[in-house]
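J.:
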Amino acid sequence: MSQVAKKTIAPFTQLDSLIPVLSDLYTAIKSNHEKAAAMMDKLMATITRVTDGNPDAALAAIHLSKQTSPLKQPIYCAVIAHLFSQQQQLDPAKAKALMQAVLFCNITFYEFQVLLNRMDGKLTDAQRAKLEKHPLQSATIMEAAGFMDPQMIKAIRQHHERPDGSGYPNRLPSQDISDLALVVSMCEVYTARIDNRAHRKPVLAREALSHFQNDEDPRIKGLLLNFAKSIGLYPPGTWVKLASGETAIVVQRQKNSPIPIVRALFDPKNIPYMGPVARDAKEPNFKVVGATSPPARPSVDLSALFD
655 MSQVAKKTIA PFTQLDSLIP VLSDLYTAIK SNHEKAAAMM DKLMATITRV TDGNPDAALA
715 AIHLSKQTSP LKQPIYCAVI AHLFSQQQQL DPAKAKALMQ AVLFCNITFY EFQVLLNRMD
775 GKLTDAQRAK LEKHPLQSAT IMEAAGFMDP QMIKAIRQHH ERPDGSGYPN RLPSQDISDL
835 ALVVSMCEVY TARIDNRAHR KPVLAREALS HFQNDEDPRI KGLLLNFAKS IGLYPPGTWV
895 KLASGETAIV VQRQKNSPIP IVRALFDPKN IPYMGPVARD AKEPNFKVVG ATSPPARPSV
955 DLSALFD
(Lines of atoms letter the chains of each structure in order from A and count residues from 1; the text may use other names and numbers.)
(Lines give C-alpha, C1' and ligand atoms only; values in the text may rest on other atoms or scores of the structure.)
Protein backbone atom coordinates (compact mmCIF):
# COMPACT_ATOMS: atom_id res chain seq x y z
CA MET A 1 0.00 0.00 0.00
CA SER A 2 1.32 3.45 -0.86
CA GLN A 3 2.18 6.03 1.78
CA VAL A 4 -0.66 8.22 0.48
CA ALA A 5 -3.16 5.39 0.91
CA LYS A 6 -1.92 4.68 4.41
CA LYS A 7 -2.22 8.36 5.28
CA THR A 8 -5.79 8.44 3.96
CA ILE A 9 -7.06 5.32 5.65
CA ALA A 10 -5.34 5.61 9.04
CA PRO A 11 -7.68 7.96 10.92
CA PHE A 12 -10.81 6.17 9.68
CA THR A 13 -9.55 2.84 10.98
CA GLN A 14 -6.97 3.50 13.66
CA LEU A 15 -8.93 5.86 15.89
CA ASP A 16 -11.70 3.35 16.52
CA SER A 17 -9.14 0.55 16.82
CA LEU A 18 -7.88 2.34 19.93
CA ILE A 19 -11.15 1.77 21.80
CA PRO A 20 -10.13 -1.65 23.23
CA VAL A 21 -6.67 -0.22 23.97
CA LEU A 22 -8.25 2.52 26.07
CA SER A 23 -10.50 -0.01 27.80
CA ASP A 24 -7.47 -2.11 28.76
CA LEU A 25 -5.71 1.03 30.00
CA TYR A 26 -8.67 1.95 32.21
CA THR A 27 -8.48 -1.52 33.75
CA ALA A 28 -4.73 -1.20 34.27
CA ILE A 29 -5.08 2.18 35.98
CA LYS A 30 -7.87 0.99 38.27
CA SER A 31 -5.77 -2.02 39.30
CA ASN A 32 -2.56 0.02 39.69
CA HIS A 33 -0.84 -2.13 37.08
CA GLU A 34 2.87 -1.42 36.83
CA LYS A 35 2.66 -0.97 33.06
CA ALA A 36 -0.17 1.58 33.14
CA ALA A 37 2.13 4.58 32.61
CA ALA A 38 3.84 2.97 29.63
CA MET A 39 0.47 1.99 28.17
CA MET A 40 -0.73 5.56 28.57
CA ASP A 41 2.33 7.01 26.87
CA LYS A 42 1.95 4.59 23.96
CA LEU A 43 -1.74 5.41 23.50
CA MET A 44 -1.14 9.15 23.56
CA ALA A 45 1.75 8.82 21.11
CA THR A 46 -0.47 6.83 18.74
CA ILE A 47 -3.26 9.41 18.88
CA THR A 48 -0.72 12.16 18.23
CA ARG A 49 0.84 10.29 15.31
CA VAL A 50 -2.50 9.48 13.66
CA THR A 51 -3.72 13.06 14.06
CA ASP A 52 -0.52 14.66 12.82
CA GLY A 53 -0.36 12.26 9.86
CA ASN A 54 -3.58 13.69 8.44
CA PRO A 55 -5.41 16.09 10.77
CA ASP A 56 -8.21 16.78 8.29
CA ALA A 57 -8.92 13.07 7.90
CA ALA A 58 -8.81 12.66 11.69
CA LEU A 59 -11.45 15.36 12.09
CA ALA A 60 -13.52 13.85 9.29
CA ALA A 61 -13.38 10.44 10.96
CA ILE A 62 -14.83 12.04 14.10
CA HIS A 63 -17.62 13.89 12.31
CA LEU A 64 -18.57 10.92 10.11
CA SER A 65 -18.25 8.27 12.82
CA LYS A 66 -20.85 5.51 13.15
CA GLN A 67 -19.11 4.01 16.17
CA THR A 68 -21.43 3.38 19.13
CA SER A 69 -18.99 2.65 21.95
CA PRO A 70 -18.90 5.43 24.58
CA LEU A 71 -15.13 4.99 24.63
CA LYS A 72 -14.91 6.64 21.24
CA GLN A 73 -15.59 10.00 22.89
CA PRO A 74 -12.37 10.29 24.93
CA ILE A 75 -10.33 9.24 21.90
CA TYR A 76 -12.04 11.77 19.67
CA CYS A 77 -11.67 14.40 22.39
CA ALA A 78 -7.94 13.63 22.52
CA VAL A 79 -7.64 14.36 18.79
CA ILE A 80 -9.34 17.72 19.21
CA ALA A 81 -7.34 18.48 22.36
CA HIS A 82 -4.11 17.82 20.47
CA LEU A 83 -5.15 20.17 17.66
CA PHE A 84 -6.16 22.79 20.25
CA SER A 85 -2.78 22.49 21.96
CA GLN A 86 -1.07 23.15 18.64
CA GLN A 87 -3.31 26.11 17.85
CA GLN A 88 -2.88 27.58 21.33
CA GLN A 89 0.85 26.73 21.31
CA LEU A 90 0.62 25.14 24.73
CA ASP A 91 3.87 24.06 26.32
CA PRO A 92 4.47 20.28 26.20
CA ALA A 93 3.58 19.71 29.87
CA LYS A 94 0.27 21.53 29.57
CA ALA A 95 -0.55 19.82 26.28
CA LYS A 96 0.11 16.43 27.88
CA ALA A 97 -2.06 17.31 30.88
CA LEU A 98 -4.90 18.33 28.56
CA MET A 99 -4.78 15.10 26.58
CA GLN A 100 -4.62 13.03 29.76
CA ALA A 101 -7.58 14.93 31.21
CA VAL A 102 -9.83 14.31 28.20
CA LEU A 103 -8.84 10.64 28.10
CA PHE A 104 -9.42 9.90 31.78
CA CYS A 105 -11.96 12.40 33.12
CA ASN A 106 -14.68 9.74 32.86
CA ILE A 107 -12.64 6.69 33.86
CA THR A 108 -15.12 5.80 36.63
CA PHE A 109 -18.15 6.63 34.55
CA TYR A 110 -18.02 5.15 31.07
CA GLU A 111 -20.14 2.06 31.84
CA PHE A 112 -22.87 4.37 33.15
CA GLN A 113 -22.55 6.42 29.95
CA VAL A 114 -23.90 3.48 27.95
CA LEU A 115 -27.15 3.77 29.93
CA LEU A 116 -27.26 7.55 29.73
CA ASN A 117 -26.72 7.56 25.97
CA ARG A 118 -29.78 5.34 25.55
CA MET A 119 -32.03 7.19 27.96
CA ASP A 120 -34.93 9.33 26.85
CA GLY A 121 -36.07 11.26 29.88
CA LYS A 122 -34.92 12.85 33.11
CA LEU A 123 -32.36 11.28 35.42
CA THR A 124 -33.50 9.86 38.72
CA ASP A 125 -32.11 11.44 41.90
CA ALA A 126 -29.77 8.47 42.32
CA GLN A 127 -28.55 8.75 38.73
CA ARG A 128 -28.02 12.49 39.12
CA ALA A 129 -25.99 11.91 42.31
CA LYS A 130 -23.83 9.33 40.53
CA LEU A 131 -23.34 11.70 37.62
CA GLU A 132 -22.20 14.56 39.84
CA LYS A 133 -19.70 12.43 41.76
CA HIS A 134 -17.73 11.16 38.80
CA PRO A 135 -15.31 14.11 38.30
CA LEU A 136 -13.95 13.77 41.83
CA GLN A 137 -13.98 9.97 41.67
CA SER A 138 -12.04 9.97 38.41
CA ALA A 139 -9.44 12.33 39.85
CA THR A 140 -9.09 10.09 42.90
CA ILE A 141 -8.57 7.01 40.73
CA MET A 142 -5.84 8.76 38.75
CA GLU A 143 -4.05 9.96 41.90
CA ALA A 144 -4.25 6.49 43.46
CA ALA A 145 -2.58 5.06 40.36
CA GLY A 146 0.28 7.55 40.68
CA PHE A 147 -0.76 10.10 38.07
CA MET A 148 -0.36 13.27 40.09
CA ASP A 149 0.10 16.09 37.59
CA PRO A 150 -1.76 18.99 39.26
CA GLN A 151 -2.92 20.51 35.97
CA MET A 152 -4.41 17.22 34.83
CA ILE A 153 -6.03 16.45 38.20
CA LYS A 154 -7.56 19.93 38.46
CA ALA A 155 -8.93 19.71 34.92
CA ILE A 156 -10.54 16.34 35.68
CA ARG A 157 -12.09 17.60 38.92
CA GLN A 158 -13.47 20.70 37.23
CA HIS A 159 -14.43 19.47 33.78
CA HIS A 160 -18.17 19.71 34.50
CA GLU A 161 -18.03 23.10 36.16
CA ARG A 162 -19.66 25.83 34.09
CA PRO A 163 -18.67 29.50 33.71
CA ASP A 164 -22.09 30.63 34.94
CA GLY A 165 -21.71 28.68 38.20
CA SER A 166 -24.30 26.05 37.29
CA GLY A 167 -21.85 23.16 36.93
CA TYR A 168 -20.89 20.35 39.27
CA PRO A 169 -19.70 19.08 41.65
CA ASN A 170 -18.85 22.40 43.36
CA ARG A 171 -20.76 25.09 41.40
CA LEU A 172 -17.54 27.05 40.91
CA PRO A 173 -17.58 30.57 39.49
CA SER A 174 -15.81 31.17 36.19
CA GLN A 175 -12.64 32.65 37.70
CA ASP A 176 -12.02 29.51 39.77
CA ILE A 177 -12.19 27.11 36.81
CA SER A 178 -8.92 26.31 35.06
CA ASP A 179 -8.47 26.93 31.35
CA LEU A 180 -7.74 23.25 30.81
CA ALA A 181 -10.98 22.23 32.54
CA LEU A 182 -12.94 24.54 30.25
CA VAL A 183 -11.24 23.08 27.18
CA VAL A 184 -11.96 19.54 28.39
CA SER A 185 -15.58 20.58 28.80
CA MET A 186 -15.67 22.07 25.31
CA CYS A 187 -14.19 18.89 23.81
CA GLU A 188 -16.70 16.71 25.65
CA VAL A 189 -19.74 18.85 24.88
CA TYR A 190 -18.74 19.18 21.24
CA THR A 191 -18.17 15.47 20.61
CA ALA A 192 -21.34 14.56 22.53
CA ARG A 193 -23.63 16.97 20.71
CA ILE A 194 -22.46 16.07 17.19
CA ASP A 195 -23.11 12.41 18.01
CA ASN A 196 -26.39 10.59 17.49
CA ARG A 197 -28.14 9.60 20.72
CA ALA A 198 -31.31 7.66 21.47
CA HIS A 199 -33.11 10.75 22.73
CA ARG A 200 -31.96 13.24 20.10
CA LYS A 201 -30.42 13.72 16.71
CA PRO A 202 -26.92 15.18 16.36
CA VAL A 203 -26.66 18.93 16.09
CA LEU A 204 -24.70 20.73 13.42
CA ALA A 205 -21.05 21.25 14.32
CA ARG A 206 -21.42 25.04 14.42
CA GLU A 207 -24.21 24.74 17.00
CA ALA A 208 -22.49 22.23 19.27
CA LEU A 209 -20.97 24.80 21.64
CA SER A 210 -23.89 27.24 21.58
CA HIS A 211 -24.26 27.48 25.36
CA PHE A 212 -20.60 28.55 25.67
CA GLN A 213 -21.11 31.17 22.98
CA ASN A 214 -23.61 33.01 25.16
CA ASP A 215 -20.99 33.64 27.85
CA GLU A 216 -19.61 37.19 27.91
CA ASP A 217 -16.42 36.22 29.77
CA PRO A 218 -13.47 37.31 27.53
CA ARG A 219 -11.53 34.21 28.58
CA ILE A 220 -14.33 31.93 27.36
CA LYS A 221 -14.54 33.84 24.10
CA GLY A 222 -10.78 33.46 23.60
CA LEU A 223 -10.88 29.72 24.25
CA LEU A 224 -13.84 29.32 21.91
CA LEU A 225 -12.03 31.22 19.17
CA ASN A 226 -8.99 28.96 19.44
CA PHE A 227 -11.24 25.89 19.60
CA ALA A 228 -12.90 27.00 16.35
CA LYS A 229 -9.52 27.68 14.74
CA SER A 230 -8.35 24.22 15.82
CA ILE A 231 -11.08 22.34 13.97
CA GLY A 232 -12.12 24.92 11.36
CA LEU A 233 -15.16 27.13 10.96
CA TYR A 234 -16.58 24.28 8.90
CA PRO A 235 -14.67 21.19 10.06
CA PRO A 236 -13.69 18.39 7.68
CA GLY A 237 -16.38 15.75 7.50
CA THR A 238 -19.22 18.24 7.94
CA TRP A 239 -21.75 19.21 5.31
CA VAL A 240 -22.37 22.63 3.82
CA LYS A 241 -24.84 24.25 1.45
CA LEU A 242 -23.29 26.19 -1.42
CA ALA A 243 -24.64 29.32 -3.12
CA SER A 244 -25.28 27.10 -6.15
CA GLY A 245 -27.80 25.12 -4.11
CA GLU A 246 -25.53 22.08 -4.06
CA THR A 247 -24.75 20.12 -0.92
CA ALA A 248 -21.04 19.57 -0.36
CA ILE A 249 -18.78 17.93 2.18
CA VAL A 250 -15.80 19.73 3.67
CA VAL A 251 -12.61 17.81 2.93
CA GLN A 252 -9.89 20.18 4.09
CA ARG A 253 -9.25 23.29 6.15
CA GLN A 254 -7.03 26.05 4.77
CA LYS A 255 -4.25 27.34 6.97
CA ASN A 256 -4.68 31.05 6.32
CA SER A 257 -8.34 31.18 5.35
CA PRO A 258 -11.65 30.25 6.99
CA ILE A 259 -12.93 29.12 3.58
CA PRO A 260 -12.78 25.31 3.40
CA ILE A 261 -12.02 23.05 0.47
CA VAL A 262 -15.21 21.21 -0.49
CA ARG A 263 -16.55 18.52 -2.79
CA ALA A 264 -20.16 18.70 -4.00
CA LEU A 265 -22.02 15.40 -3.71
CA PHE A 266 -25.64 16.48 -4.33
CA ASP A 267 -27.03 18.81 -6.97
CA PRO A 268 -29.46 21.68 -6.17
CA LYS A 269 -32.38 19.22 -6.36
CA ASN A 270 -30.64 16.90 -3.86
CA ILE A 271 -29.92 14.32 -6.53
CA PRO A 272 -26.55 12.67 -5.85
CA TYR A 273 -23.71 13.10 -8.30
CA MET A 274 -21.97 9.98 -9.58
CA GLY A 275 -18.86 11.11 -7.76
CA PRO A 276 -17.47 14.10 -5.87
CA VAL A 277 -17.31 17.36 -7.80
CA ALA A 278 -14.62 19.88 -6.86
CA ARG A 279 -16.02 23.33 -6.11
CA ASP A 280 -14.00 26.44 -5.32
CA ALA A 281 -15.74 27.98 -2.31
CA LYS A 282 -13.90 31.24 -2.94
CA GLU A 283 -16.01 31.72 -6.06
CA PRO A 284 -19.29 33.63 -5.44
CA ASN A 285 -21.36 30.94 -7.18
CA PHE A 286 -19.97 28.25 -4.89
CA LYS A 287 -19.44 30.08 -1.62
CA VAL A 288 -20.53 28.36 1.57
CA VAL A 289 -23.84 29.82 2.72
CA GLY A 290 -24.30 27.64 5.79
CA ALA A 291 -23.97 24.29 7.51
CA THR A 292 -26.43 21.54 6.68
CA SER A 293 -27.02 17.79 6.76
CA PRO A 294 -26.81 15.47 3.75
CA PRO A 295 -30.20 15.02 2.06
CA ALA A 296 -29.58 11.30 1.60
CA ARG A 297 -26.97 8.65 2.17
CA PRO A 298 -23.96 9.49 -0.06
CA SER A 299 -23.22 7.02 -2.83
CA VAL A 300 -19.44 7.32 -2.50
CA ASP A 301 -16.87 6.09 0.01
CA LEU A 302 -16.43 9.26 2.05
CA SER A 303 -13.14 8.14 3.61
CA ALA A 304 -11.58 8.11 0.13
CA LEU A 305 -12.13 11.88 -0.13
CA PHE A 306 -9.63 12.67 2.61
CA ASP A 307 -6.24 12.25 1.03
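Residues 655 to 961, numbered by my numbering, are exactly what the sequence shown covers, in order.
Where is the CB? At the ideal position from N, CA and C, for every residue including glycine.
If you're wondering where the values come from, they're calculated on a predicted model, not measured in any experiment.
Is it true that the CB of residue 764 sits closer than 9 Å to the CB of residue 789?
T.: In the sequence shown, residue 789 corresponds to position 135, counting from 1. In the sequence shown, residue 764 corresponds to position 110, counting from 1. No, the pair does not count as a contact, with Cβ atoms beyond the cut-off.
J.: Quick one: give me the first and last residue of the alpha helix (DSSP H) that residue 866 is part of.
T.: Position 212 of the sequence shown, counting from 1, holds the residue named residue 866. Per DSSP, residue 866 belongs to the alpha helix (DSSP H) from 864-867.
J.: Would you report the Cα separation of residue 732 and residue 844, rounded to the nearest angstrom?
T.: Position 78 of the sequence shown, counted from the start, is the residue given in the question as residue 732. Position 190 of the sequence shown, counted from the start, is the residue given in the question as residue 844. Distance between the alpha carbons of residue 732 and residue 844: 12 Å.
J.: Give the DSSP-derived three-state secondary structure of residue 707 in the structure shown.
T.: On the sequence shown, position 53 is the one that residue 707 refers to. In the displayed model, residue 707 falls within a helix according to three-state DSSP.
J.: When the Cα atoms are used, what is the spatial distance from residue 657 to residue 667?
T.: Residue numbering aside, residue 657 sits at position 3 when the sequence shown is read from its first letter. Residue numbering aside, residue 667 sits at position 13 when the sequence shown is read from its first letter. A caution first: residue 657 carries a pLDDT of 42, below 50, which makes its placement in the model unreliable, though a value can still be read off. Their Cα atoms are separated by approximately 15 Å.
J.: Suppose you measure from the CA of residue 863 to the CA of residue 840; what does that come to, to the nearest Å?
T.: To locate residue 863, count along the sequence shown from 1; it is residue 209. To locate residue 840, count along the sequence shown from 1; it is residue 186. Rounded to the nearest angstrom, the two C-alpha atoms are 7 Å apart.
J.: May I ask you to list the residues that DSSP assigns as paired with residue 918?
T.: Here residue 918 refers to the residue found at position 264 when the sequence shown is read from its first residue. In DSSP, residue 918 forms a bridge with 902 and 931.
J.: Who are the Cβ neighbours of residue 709 in its own chain at under 7 Å, not counting the five residues just before and after it?
T.: Along the sequence shown, one-based indexing puts residue 709 at 55. Once the five neighbours on either side are set aside, the close Cβ partners of residue 709 are 737.
J.: Quick check: the stretch 898-906 against the stretch 916-931, are at least 3 beta-carbon pairs closer than 8 Å?
T.: yes
J.: Quick check: what's the CA-CA separation for residue 898 versus residue 887?
T.: In the sequence shown, residue 898 corresponds to position 244, counting from 1. In the sequence shown, residue 887 corresponds to position 233, counting from 1. Rounded to the nearest angstrom, the two C-alpha atoms are 20 Å apart.
J.: Do the stretch 826-835 and the stretch 846-856 make contact, defined as three or more Cβ pairs closer than 8 Å?
T.: Under the Cβ criterion (8 Å, minimum of three pairs), the stretch 826-835 does not count as touching the stretch 846-856.
J.: Bridge partners for residue 944 per DSSP, in chain order?
T.: Taking the first residue of the sequence shown as 1, we reach residue 944 at position 290. Note: residue 944 sits in a beta bridge opposite 895.
J.: Can you name the residues that DSSP bridges to residue 908?
T.: Sequence index remark: in the sequence shown, residue 908 carries index 254 (1-based). DSSP lists 911 as partners of residue 908.
J.: DSSP beta-bridge partners for residue 873?
T.: Translated into the one-based positions of the sequence shown, residue 873 becomes position 219. Bridge partners of residue 873: none, in fact.
J.: Once you ignore the five residues that flank residue 715 on each side, which residues in its own chain have a CB closer than 6 Å to its CB?
T.: Taking the sequence shown and counting its residues from 1, the one referred to as residue 715 is at position 61. Excluding sequence neighbours, residue 715 sits near 665, 666 and 669.
J.: To the nearest angstrom, how far is the alpha carbon of residue 936 from that of residue 914?
T.: Locating residue 936 in the sequence shown gives position 282, counting from the first residue. Locating residue 914 in the sequence shown gives position 260, counting from the first residue. Going from the Cα of residue 936 to the Cα of residue 914 covers about 9 Å.
J.: Are the stretch 812-828 and the stretch 783-803 touching by the rule of at least three beta carbon pairs closer than 8 Å?
T.: yes
J.: Which value, in whole angstroms, describes the spacing of the CA atoms of residue 753 and residue 923?
T.: Here residue 753 refers to the residue found at position 99 of the sequence shown. Here residue 923 refers to the residue found at position 269 of the sequence shown. One C-alpha to the other measures close to 43 Å.
J.: Just confirm the distance between the C-beta atoms of residue 874 and residue 836, as a whole number of angstroms; I'd bet it's less than 8 Å.
T.: In the sequence shown, residue 874 corresponds to position 220, counting from 1. In the sequence shown, residue 836 corresponds to position 182, counting from 1. Contact holds; Cβ gap of about 7 Å.
J.: Helix, strand or coil for residue 949? Go by DSSP, reduced to three states.
T.: The residue given as residue 949 occupies position 295 in the sequence shown. In the structure shown, residue 949 falls within a coil segment according to DSSP collapsed to helix, strand and coil.
J.: Going by C-alpha to C-alpha distance, which of 960, 702 and 723 sits closest to residue 739?
T.: Walking along the sequence shown from the start, residue 739 turns up at place 85. Nearest to residue 739 by C-alpha distance, out of 960, 702 and 723, is 702.
J.: Around the Cβ of residue 662, are there at least 16 other Cβ atoms within 10 angstroms (buried) or fewer (exposed)?
T.: For the purposes of this step, residue 662 is taken as the residue at position 8 of the sequence shown. Because the pLDDT at residue 662 is just 44, under 50, the model does not fix this residue reliably, and the value given afterwards should be weighed accordingly. Under this definition residue 662 is a buried residue.
J.: Whose CA, out of 872, 908, 909 and 940, lies closest to the CA of residue 896?
T.: Along the sequence shown, one-based indexing puts residue 896 at 242. The shortest C-alpha separation from residue 896 is found at 940.
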